[in-house]
Structures are given as C-alpha cells and as structure tokens.
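Visitor: Just passing along the structure, written as structure tokens.
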Amino acid sequence: MKIGFLITYFYPFEGGAENNCFYLAKELAKTHEIHVFTSDRKNNVILKKEEIIYNIHIHRSKTYFRYKYYLSFNPSLFKILMFKLDILHVHGFGFIWHDIIILVKKLTSNTKIFCTPHGPFMALKDYTKKERIFRRVITFIEKLTNKIYDKIIEVNPYQYKWLKEYGIKKEDVLFLPNGIPRELTKQVKSNEFIKKYKLEDKFIISYLGRIQKYKGIDQVLRILSKLKDIQSNILFLIMGKDAGDLTRIKQIIKTNNLENYTKIIENISEKEKIFALQSSEIFIFPSEWEAFGIVTLEAMAQSNAIIATKTEGSLFLVETQCGLLYDYNNIEQLFNCLKKLITNIKLRKKMQVYNKKKAKDFIWEEIAKKLERYYK
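Residue numbers (my numbering): 3 to 378.
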C-alpha cells in the first residue's frame with residue numbers, strides 16, 4: 003500500500019502524537035511505501051525539506067505563519083494532492099489548514115482517510131474568554147469537517163465520550179493504543195548514570211515529560227518536605243525539556259529549600275532516560291490532562307510503580323495492580339498515595355513486577371500490524 007501521514011510535527015521532534023506517528027510509520031515502512039507530510043520547523047529549529055529516514059519519505063513544508071499550536075499556514079502541504087495514496091492518516095483535530103487540504107483530497111481522489119485525534123481540541127480547562135470562544139468556533143467547524151474521515155482511531159476506550167460531541171459515529175471508531183519499542187522492555191541498568199548524577203543510595207520518584215504548567219510537577223514539590231520526613235533519602239527526579247515552566251519550578255525548589263531532594267535533567271537522551279527510569283522506584287504523572295501517557299508505559303517497562311492523575315489515559319493504563327490514581331491538584335490525595343507506596347514495600351514491589359509484564363502488551367511492532375489490518 004501507499005500510505006501518507008499528515009501531522010503538525012514529526013521526527014526528530016518528540017511528543018505523544020509525534021511518537022505515535024513515527025513508530026507506526028517506521029514499522030509500516032518495512033513493507034509499504036510511507037510518506038509523511040509535516041511542517042519544517044518548531045521553536046526556531048528548521049529541518050531539511052525532503053528526507054528519507056528508516057525508509058520513511060518525509061516531506062516538510064515551510065511554515066509561513068503559526069499562532070501557538072493549531073493555527074498555521076503551510077501552503078506547500080498541498081503537495082499531498084500530487085500523491086496517489088491508498089490511505090491518508092491524519093493526526094489531530096482542530097487544524098484548519100489541514101482540514102482544507104483533507105477536504106480537497108477527499109473530493110479529488112479515492113483515498114481512504116483515517117484520523118487519530120489523540121485528544122479533543124484545546125483539552126484543558128483554564129482558558130481566557132477569547133480562547134474559549136475560539137474553541138467553540140473550531141469545535142463547531144470540526145463537527146462539519148469530521149465527516150471527511152472514513153475511520154477515527156481512539157488511543158484509549160474512554161475517548162468516545164467526547165468524540166461523539168464532534169459528530170463521530172460509534173461504528174466509525176477503531177481502537178489502537180500507543181506503545182513502546184520492544185527493546186524498551188529489556189532490563190537495563192547503568193552504574194555510570196547513577197554516579198554521574200550522584201544518585202547513590204537515593205529513593206527515587208521520577209517524572210518524565212515536558213516541563214509545562216499543566217503537567218503538574220509543582221504538586222509533588224509542594225509535599226516533598228513532608229515526604230522526606232517519611233523517606234529521608236528521597237529524591238524527585240524531573241526529566242524533560244522546558245516548555246515554559248522551568249523557571250517557576252526552579253523558584254519553587256529554591257524557595258522551599260528542596261535543592262538536596264530534587265534533580266532536574268533537561269534534554270535527557272533516550273539512553274539515559276531508560277537508565278533513569280530503571281533507577282526509579284515510583285513514577286509519577288501528575289498531569290491535568292493526557293490522552294494516553296507513553297512515558298507512563300515506558301516507566302512501567304522499567305519496573306516502576308505508578309502514581310497518576312485521573313486523566314483518561316491513566317484511567318486506561320493504570321489499573322489497581324499497576325499503581326494509584328488521584329484527582330489533579332488534590333495534594334492530600336497525592337501525599338497519601340506516595341506515602342502508601344513508600345512505606346508499603348510489598349505492595350510497591352508487587353506493582354513493579356506486574357507493570358514490567360503488562361508493558362509487553364503494548365509493543366509498537368504488534369500495534370502496527372493491527373493498524374495494517376484496519377487499513378486493508
């Protein structure tokens with residue numbers, strides 16, 4: 003088959019949607035002709051316009067205009083119309099420029115069009131009045147344009163609750179979760195990593211992801227002083243790229259004298275990320291909203307017990323055998339969850355063993371085979 007993917011950002015840029023698209027394209031490219039249509043820049047980093055990576059043909063279009071995440075102008079994305087595709091798989095709802103291109107493609111070809119929205123348009127709660135108006139307008143438009151798609155893919159079984167609000171019919175929805183590469187399920191450990199970051203004899207709770215306000219990292223910092231009274235050698239390991247909240251996080255750490263109980267590793271490499279998760283006892287994902295949480299799955303593969311907020315992604319991934327859930331910004335609940343897993347060693351170890359096994363059910367190689375069957 004000749005398969006195209008349309009996504010705002012693509013490899014080497016990272017994120018939940020980006021990783022989903024990349025690993026599926028990488029696997030499908032072993033037996034199919036794969037083309038990815040995407041923008042050429044993010045945060046002033048500009049990439050080559052045309053490139054082949056892992057047998058994936060990447061076509062990057064110049065971005066003349068972008069306002070935040072959704073609004074952009076990439077006229078050369080219309081090159082999609084020149085390709086005779088069996089499948090065009092779109093990532094994300096609410097990208098008006100993408101909708102225009104998809105509509106023209108649908109009217110001028112027999113291409114079947116899939117969409118993985120990943121989450122609702124502007125999924126958070128705290129928006130200005132202008133932003134809320136903008137969300138209502140785009141949501142109304144999406145109810146009309148979503149009729150373009152032949153199939154919609156949900157990454158967790160809770161998503162139809164809001165998909166139906168976008169005019170999606172239940173019979174048009176397919177389930178396909180996110181995953182991890184098979185090699186991430188292998189047991190790894192690095193004493194060099196532990197020595198490099200001076201983690202010897204530390205009880206590590208970890209976070210991995212963007213350092214952004216809605217990710218809720220500050221919730222853990224607000225109770226860290228109480229936690230160190232329970233576990234004196236505790237260390238909160240924060241890993242990820244700054245997405246606007248790093249300065250505030252550092253200030254909270256300084257104000258509360260938590261320098262000896264926290265460590266921030268920005269731009270951590272893929273290799274060191276795994277070493278870090280392997281060194282961690284508990285992984286915490288305190289986000290306001292998540293469609294899935296691939297990083298949670300990565301932490302499970304490296305034998306972490308999990309504590310996460312009750313987002314739709316964590317409600318799906320984190321069963322009672324995996325870890326504990328709490329309400330976003332409920333500091334008392336979060337403290338009790340951490341206290342329970344720190345002090346109840348038997349329960350924590352049981353969760354860690356279970357999670358290592360469960361992660362093997364979410365392997366990209368197998369997930370890609372299921373997607374291929376959907377396409378056929």
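Backbone N, C-alpha and C define an ideal beta-carbon position, used for all residues, glycine too. Keep in mind the model is a prediction, meaning the values are calculated, not measured.
What are the partner residues of M241, as DSSP defines its beta bridges?
Guide: M241 is bridged to L210, I267.
Visitor: The alpha helix (DSSP H) that contains H61, what's its start and end?
Guide: H61 -> not in any alpha helix (DSSP H); beta strand (DSSP E) instead, spanning 58-63.
Visitor: Count Cβ pairs between the segment 81-98 and the segment 3-14 that sit closer than 8 Å; are there 3 or more?
Guide: These segments touch.
Visitor: With a threshold of 7 Å on Cβ separation, who are the neighbours of L165 within its own chain once the five nearest residues in sequence on each side are excluded?
Guide: Excluding sequence neighbours, L165 sits near I154, E156, V175.
Visitor: How far does the beta strand (DSSP E) with E93 in it reach, from first residue to last?
Guide: Per the sequence shown, the amino acid found at residue 93 is His instead of Glu. That run of the beta strand (DSSP E) goes 89-93.
Visitor: What are the boundary residues of the beta strand (DSSP E) that A310 is part of?
Guide: It spans 307-311 - the beta strand (DSSP E) in which A310 sits, taken as one unbroken run.
Visitor: Please report the straight-line C-alpha distance between P288 and Q253, rounded to a whole angstrom.
Guide: Going from the Cα of P288 to the Cα of Q253 covers about 19 Å.
Visitor: Contact check, K341 vs I232 under 8 Å by CB: the rounded distance?
Guide: Contact flag correct, Cβ pair sits at about 6 Å.
Visitor: Pair every Cβ in the segment 259-267 with every Cβ in the segment 294-312, then say whether three or more of these pairs are closer than 8 Å.
Guide: Cβ pair count under 8 Å is below three, so no.
Visitor: Using a Cβ-Cβ cutoff of less than 7 Å, which residues in the same chain neighbour Y56 once the five nearest sequence positions on both sides are dropped?
Guide: Closer than 7 Å at the Cβ level, and outside the excluded window around Y56, lie K28, A31.
Visitor: Among H59, L226, L146, S192, which residue has its Cα nearest to the Cα of K273?
Guide: Closest option to K273, Cα to Cα, is S192.
Visitor: Is it the case that the segment 173-187 contacts the segment 97-112, given that we only count it when at least three CB pairs across the two stretches are under 8 Å?
Guide: Counting Cβ pairs under 8 Å, fewer than three are found: no touch.
Visitor: Comparing C-alpha positions only, which one of I219, L317, N45, F205 sits nearest to I284?
Guide: Nearest C-alpha to I284: F205.
Visitor: When you compare only the Cα positions, how much space is there between E16 and K351?
Guide: Going by the C-alpha atoms only, they are around 31 Å apart.
Visitor: Would you kindly check if the distance between the Cβ of K275 and the Cβ of M241 is under 8 Å?
Guide: Yes, they are a contact pair.
Visitor: When you compare the CB positions of K4 and E35, do they come within less than 8 Å of one another, or not?
Guide: Yes. Within cutoff.
Visitor: Going straight from the alpha carbon of F238 to that of N22, what length do you get?
Guide: When rounded, the distance between both Cα atoms is 28 Å.
Visitor: So, Q221 versus N331, is the Cβ gap smaller than 8 Å?
Guide: A contact, by the Cβ cut-off of 8 Å.
Visitor: Can you round the beta-carbon distance between Y168 and W291 to whole angstroms, since I take them to be within the 8 Å contact cut?
Guide: Going by Cβ atoms, the distance from Y168 to W291 rounds to 17 Å, so no, they are not a contact pair.
Visitor: Could you work out which residue in V320, C339, G211 is closest to K360 when comparing CA atoms only?
Guide: Ranking V320, C339, G211 by Cα distance to K360 puts V320 first.
Visitor: Identify the residues that DSSP records as bridge partners of I251: which are they?
Guide: Beta-bridge pairing links I251 to no other residue.
Visitor: Do I347 and L326 have their C-beta atoms closer together than 8 Å?
Guide: The answer is no: Cβ separation not under 8 Å.
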